[in-house]
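First to last, the protein sequences are chains A and B. For the first sequence, the positions run 57 to 337 when the working numbering is used. For the second sequence, the positions run 576 to 715 when the working numbering is used. Built from N, CA and C at the ideal position, the CB exists for glycine as well. See structure below.
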Amino acid sequence: RGSSRRLHTDGFPQRRLSGGERRDVQREILTVLGLPGRPRPRARARAPAAAAPLFMLDLYHAVAGEEEEEEEEEEEAAVVSRSVLTGLSTQSPAPGSVVSRADTVVSLVNVVEQDRDIFSPKPYWKEFRFDLTQVPTGESVTAAEFRIYKARGVTRNANNTLHVSIYEIAAQHANRHGPGGRAWGWGVKWGWGESDLFLLDVQDLHAGTEGWLVFDVTAASNHWLVDGKYNLGLRLYVETDDGHSVDPSSAGLLGRRGPRSKQPFMVTFFGGSASTTRVPR
Amino acid sequence: AARASRRRQHRRNNNDLPHPNKLPGIFDDVHAAAGRQICRRHELYVSFQDLGWLDWVIAPQGYSAYYCEGECAFPLDSCMNATNHAILQSLVHLMKPEAVPKACCAPTKLSATSVLYYDSNNNVILKKHRNMVVKSCGCH
């Protein structure tokens, strides 16, 4: 309130910082936090119901809980068995060991999605390509997951078995434009036709299953981080027991057009952060 | 040595050092000689709210960082987490206070803290930052 000295709650006088000093203080703390500058997320990000923040908040509480456990462990010198993180949220997060070994966990939400649906020739698929620009450098990927929500979907028999498989798009061929092919984002021309695919993970489930599906895409993530040009995205197929291709949307797999709390995202765990050397003043 | 030992006997009575099982970091107001506190951990809360960062920091709203402060005066009892060197330095300081300073009260154990935040692309990042929280203090 105008006075140059303000009494802080503990009774010690607090010096009022000048504008420049305040900026320096913030910059120093951001540097300690390993941030080049103050992030400025778009306002919409503050909507609480988005899937990735909800998942990451559960992960945060799990990690914070572990940090407290470790402190109690050391002080009481009691051996506390490391509890596996299960059932924390509607989504079961990664196993405890992956989380606690990671220095950084990044959830990627900016994704370009393309569907080959029932209005196109079979096989049907969904493709997802994530923006990796904000991924920390100097750290290696210890695990990466692709999370997509499956609703009930259009199915005659909820007990039928579906095989959901995830591939890394390893390469795309030049003349792959089929009739009606469309250009898509990221400056890369996408269209139909064959690409080189690398199988990452498969899950078998009932047609009536509802909930989050988690696929291990660590191999692809490692590949993308070697060089961004390899980031051609993920492709998801759904097939019946007798090999018939099923439109993923009809099977209930929600893409970017689903509710915010059920949109697909990726979670990448990084470890071995390079120690940030402080710039001499 | 005899005279010294009698003087040491006399110092221990009014020095009122804490009982060994009262470790630094437990918030008693323990006083070394002449009312000064022995080396111990003090509360220090870093508030992201005060920094005006809650538009991008999701959790926590701040965290307890603590700091170390207090005397490393002779004799450095076992409860002061003193290094061997600090013990020797405090002895030399006793003899030559002008030439050699007392040992420093500093963190002997630090732990990590995690911060969950949005980046500028609305990705959500959970980052563990090591050596951010003082767990125990000692004389160095």
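Original post:
What alpha helix (DSSP H) runs, 4 residues minimum, are completely inside the segment 263-331 of chain A?
Top reply: 274-282
Original post:
Going along chain A, which residues have a C-beta under 9 Å from Asp-625 of chain B?
Top reply: Here residue 625 of chain B is taken as the residue at index 50 of the second sequence, counted from 1. The premise fails here: Asp-625 of chain B is roughly 11 Å from chain A at the closest Cβ pair, so nothing lies under 9 Å.
Original post:
Quick one: what's got a C-beta closer than 8 Å to His-704 of chain B's C-beta in the same chain, skipping five residues either side?
Top reply: Looking up residue 704 of chain B in the second sequence gives position 129. Ala-687, Thr-688, Ser-689 and Val-690.
Subject >> Residues near Asp-604 of chain B by beta carbon distance below 6 Å, same chain, minus five either side >> reply: Within the second sequence, numbered from 1, the residue matching residue 604 of chain B stands at position 29. Confidence in Asp-604 of chain B is poor, its pLDDT being 39 and thus under 50, which makes the residue's placement too unreliable to answer from.
Original post:
Can you tell me the Cα-Cα spacing of His-715 of chain B and Cys-679 of chain B, whole angstroms?
Top reply: Taking the second sequence and counting its residues from 1, the one referred to as residue 715 of chain B is at position 140. Taking the second sequence and counting its residues from 1, the one referred to as residue 679 of chain B is at position 104. The alpha-carbon atoms of His-715 of chain B and Cys-679 of chain B are separated by roughly 5 Å.
Subject >> Ala-120 of chain A beta carbon less than 7 Å from that of Gln-319 of chain A >> reply: As a first step, residue 319 of chain A must be located in the first sequence, where it is residue number 263. As a first step, residue 120 of chain A must be located in the first sequence, where it is residue number 64. No; because the gap between Cβ atoms is not below 7 Å, this pair is not in contact.
**OP:** Could you check which residue in B:Tyr-642, B:Thr-658 and B:Leu-626 has the C-alpha nearest to that of Arg-78 of chain A?
**Re:** Taking the first sequence and counting its residues from 1, the one referred to as residue 78 of chain A is at position 22. The candidate whose alpha carbon is nearest that of Arg-78 of chain A is B:Leu-626.
**OP:** Alpha carbon to alpha carbon, how far is Tyr-286 of chain A from Leu-619 of chain B? Give it in angstroms, no decimals.
**Re:** Sequence index remark: in the second sequence, residue 619 of chain B carries index 44 (1-based). Sequence index remark: in the first sequence, residue 286 of chain A carries index 230 (1-based). Roughly 46 Å separates the two Cα atoms.
Original post:
Helix, strand or coil for Val-88 of chain A per DSSP?
Top reply: Taking the first residue of the first sequence as position 1, residue 88 of chain A is located at position 32. Helix, per DSSP.
**OP:** Would you grab the beta carbon distance between Leu-253 of chain A and Arg-291 of chain A for me? Rounded to a whole angstrom, and I think it's under 8 Å.
**Re:** Numbered from 1 along the first sequence, position 197 holds the residue referred to as residue 253 of chain A. Numbered from 1 along the first sequence, position 235 holds the residue referred to as residue 291 of chain A. Between Arg-291 of chain A and Leu-253 of chain A the Cβ distance is about 6 Å, and since that is below 8 Å, they are a contact.
**OP:** Using a Cβ cut-off of 7 Å (strictly closer), state whether Arg-98 of chain A contacts chain B.
**Re:** As a position in the first sequence, residue 98 of chain A is number 42, starting the count at 1. At least one chain B Cβ lies under 7 Å of Arg-98 of chain A.
Original post:
In terms of residue numbering, what span does the beta strand (DSSP E) encompassing Ala-661 of chain B cover?
Top reply: Counting from 1 along the second sequence, the entry for residue 661 of chain B is found at position 86. Careful: Ala-661 of chain B lies outside any beta strand (DSSP E), inside the alpha helix (DSSP H) at 659-670.
Original post:
How is Arg-72 of chain A classed by DSSP in three states: helix, strand or coil?
Top reply: As a working note, residue 72 of chain A is residue 16 in the first sequence. Coil, per DSSP.
Original post:
In whole angstroms, what is the alpha-carbon distance linking Ala-569 of chain B and Gly-308 of chain A?
Top reply: A question about residue 569 of chain B goes unanswered here, because the residues of chain B that appear run from 576 up to 715.
**OP:** Select from the segment 106-122 of chain A all residues with a C-beta closer than 7 Å to any C-beta belonging to chain B, and list them in chain order.
**Re:** Ala-108, Pro-109, Met-112, Leu-113, Leu-115, Tyr-116, Val-119 and Ala-120
Subject >> N- and C-terminal bounds of the beta strand (DSSP E) containing Lys-206 of chain A >> reply: Here the question's residue 206 of chain A lines up with position 150 in the first sequence. 196-206 is the span of the beta strand (DSSP E), which, as asked, contains Lys-206 of chain A.
Subject >> Residue burial classification, Ala-227 of chain A (beta-carbon count within 10 angstroms, cutoff 16) >> reply: Counting from 1 along the first sequence, the entry for residue 227 of chain A is found at position 171. Its Cβ having fewer than 16 others within 10 Å, Ala-227 of chain A is exposed.
**OP:** Consider the Cβ of Asn-574 of chain B: report whether some Cβ of chain A lies at a distance smaller than 7 Å.
**Re:** There is simply no residue 574 of chain B to check, as chain B begins at 576 and stops at 715 in what is shown.
Original post:
CA-CA distance, Pro-682 of chain B and His-617 of chain B?
Top reply: Taking the second sequence and counting its residues from 1, one reaches residue 682 of chain B at position 107. Taking the second sequence and counting its residues from 1, one reaches residue 617 of chain B at position 42. Their backbone Cα atoms lie some 11 Å apart in a straight line.
Original post:
Counting pairs of Cβ atoms below 8 Å between the segment 209-219 of chain A and the segment 261-276 of chain A, do you hit three or more?
Top reply: yes
**OP:** Counting only the same chain and skipping the five closest in sequence on each side, list residues whose C-beta sits under 7 Å from that of Gly-637 of chain B.
**Re:** Stepping through the second sequence from its first residue, residue 637 of chain B is reached at position 62. For Gly-637 of chain B, where only same-chain residues beyond five positions count, the Cβ hits under 7 Å are Tyr-620, Val-621, Ser-622, Phe-623 and Gln-624.
Subject >> Contact set for Val-323 of chain A: own chain, Cβ-Cβ below 6 Å, skip 5 residues either direction >> reply: Reading the first sequence from its first residue, position 267 is the one you call residue 323 of chain A. Cβ neighbours of Val-323 of chain A beyond the five flanking positions: Ser-163 and Glu-201.
Original post:
Is there a Cβ from chain A that is less than 7 Å from the Cβ of His-594 of chain B?
Top reply: Within the second sequence, the letter at position 19 stands for residue 594 of chain B. Residue confidence for His-594 of chain B is low, a pLDDT of 39 falling below 50, so the modelled location carries little weight; the figure read from the coordinates is stated next. No, its Cβ sits nowhere closer than 7 Å to a Cβ of chain A.
**OP:** Just tell me which of A:Arg-203, A:Arg-185 and A:Val-294 has its CA closest to the CA of Gly-284 of chain A.
**Re:** Taking the first residue of the first sequence as 1, we reach residue 284 of chain A at position 228. Gly-284 of chain A has its Cα closest to that of A:Arg-185, out of A:Arg-203, A:Arg-185 and A:Val-294.
**OP:** Mind checking who Val-690 of chain B pairs with in its DSSP beta bridge?
**Re:** One-based indexing of the second sequence puts residue 690 of chain B at position 115. Partner(s): B:Lys-702.
Original post:
Cα separation between Gly-75 of chain A and Ile-85 of chain A?
Top reply: By one-based count along the first sequence, residue 75 of chain A stands at place 19. By one-based count along the first sequence, residue 85 of chain A stands at place 29. One C-alpha to the other measures close to 16 Å.
Original post:
Is the Cβ of Val-165 of chain A closer than 7 Å to any Cβ of chain B?
Top reply: Here residue 165 of chain A corresponds to residue number 109 of the first sequence, with the count starting at 1. Taking Cβ atoms only, chain B reaches closer than 7 Å to Val-165 of chain A, which makes this a yes.
Original post:
Val-162 of chain A lies in the beta strand (DSSP E); which residues open and close that run?
Top reply: Taking the first residue of the first sequence as 1, we reach residue 162 of chain A at position 106. Run containing Val-162 of chain A: 160-164, per the beta strand (DSSP E) assignment.
Original post:
Thinking just about the alpha-carbon of each residue, which of A:Thr-160, A:Val-302 and A:Arg-203 is nearest to the one in Leu-89 of chain A?
Top reply: To locate residue 89 of chain A, count along the first sequence from 1; it is residue 33. When only C-alpha atoms are compared, the closest one is A:Thr-160.
Original post:
For a contact meaning CB atoms closer than 9 Å, what does Thr-160 of chain A contact in chain B?
Top reply: Here residue 160 of chain A is taken as the residue at index 104 of the first sequence, counted from 1. Correct list: Ile-700, Leu-701, Lys-702 and Lys-703.
**OP:** Can you tell me which of the three DSSP states Phe-649 of chain B falls into?
**Re:** The residue given as residue 649 of chain B occupies position 74 in the second sequence. It is coil, neither helix nor strand.
Subject >> For Gly-93 of chain A, the three-state DSSP class (helix, strand or coil) >> reply: On the first sequence, position 37 is the one that residue 93 of chain A refers to. Of the three classes helix, strand and coil, the one that applies to Gly-93 of chain A here is coil, per DSSP.
**OP:** Ignore the nearest five residues each way along the sequence and tell me which others in Cys-614 of chain B's own chain have a CB closer than 7 Å to its CB.
**Re:** Taking the first residue of the second sequence as 1, we reach residue 614 of chain B at position 39. The answer, listed in chain order, is Pro-599, Cys-643, Gly-645, Glu-646, Cys-647, Met-655, Cys-680, Cys-712, Gly-713 and Cys-714.
**OP:** State the Cα-Cα distance for the pair Ile-204 of chain A and Gly-289 of chain A, rounded to the nearest angstrom.
**Re:** Here residue 204 of chain A is taken as the residue at index 148 of the first sequence, counted from 1. Here residue 289 of chain A is taken as the residue at index 233 of the first sequence, counted from 1. Rounded to the nearest angstrom, the two C-alpha atoms are 15 Å apart.
Original post:
Would you report the Cα separation of Gln-259 of chain A and Phe-321 of chain A, rounded to the nearest angstrom?
Top reply: Locating residue 259 of chain A in the first sequence gives position 203, counting from the first residue. Locating residue 321 of chain A in the first sequence gives position 265, counting from the first residue. Each residue's Cα considered, the two are about 17 Å apart.
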